[in-house]
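In this text, residue positions in the sequence shown follow this note's numbering: the first is 297, and each later residue adds one. Every residue gets a Cβ at the ideal spot worked out from N, C-alpha and C, and that includes glycine. Right, one structure below, let's go through it.
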Amino acid sequence: MQPFKLVEIKKIQAPNFVMSPVELKEYIDFDVKRIYFITDTTGKTGAHCHIVEEEFFIMIKGTCTMVIDKGNGIEEHAFVGPTSGVYIGNYVWHHFKDFSDDAVLLALSSTNYSPDRSDYIEDYDKYLEVRDSKLAELYGNE
């Protein structure tokens, strides 16, 4: 699997509603252990990467900017609901910012929450020290 993948969620117009089915097997290859969502933001989320955890995010409503480093330096991507999704694998630096007032960001995680944060690298300079070797080890030359 790639360390980072933007996806477009399907949108089906039914007579009385719009449905956006997410067949997880099309986007992720991990078992979902935790689901959480982010709302009512007053700033950016914490910037970090995970050593073990993999995540799949869906912008359910509203907009935000996704900030990532998947081995090529910092990149920004517009994230627009309700059809934007992104897979973020191990050792991909990420955070979200510039949320619209109505934003709802859904996250599916491969791990349960651990309050000790031992799965996180939260210092970008420390991340850069291991980024290239870890991404090559985990994902090869994708």
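TODO: Keeping to the same chain, check which residues put their C-beta closer than 6 Å to that of Leu404; ignore five residues upstream and five downstream.
DONE: Val328, Ile331, Phe352
Open item on the list: Just verifying my parser: in three-state terms, what is the DSSP assignment at Asp415?
Closed with: coil
Open item on the list: So Tyr409 and Ile417 are supposed to be a Cβ contact under 8 Å. How far apart are they, rounded?
Closed with: Not really, about 17 Å apart at Cβ, beyond 8 Å.
Task: Beta-carbon separation (whole angstroms), Val318 vs Ile305, contact threshold 8 Å - done: 6 Å
- [ ] Taking the CB atoms as reference points, tell me whether Leu402 and Ile354 lie closer together than 7 Å.
- [x] yes
Open item on the list: Between Arg413, Val400, Ile308, which has its C-alpha nearest Thr335's C-alpha?
Closed with: Val400
Open item on the list: Less than 7 Å between CB atoms is the rule here; does Pro317 satisfy it with respect to chain D?
Closed with: Considering every chain present, this structure includes no chain D. It has just one protein chain.
Task: Neighbourhood of Lys301 by C-beta distance below 8 Å, restricted to the same chain and skipping five residues each side - done: Tyr323, Val382, Tyr383
Open item on the list: Suppose contacts are defined by Cβ-Cβ distances below 7 Å. Is Ala343 in contact with His391 by that definition?
Closed with: yes
Open item on the list: DSSP has Thr361 in a bridge; who is on the other side?
Closed with: Ala374, Lys393
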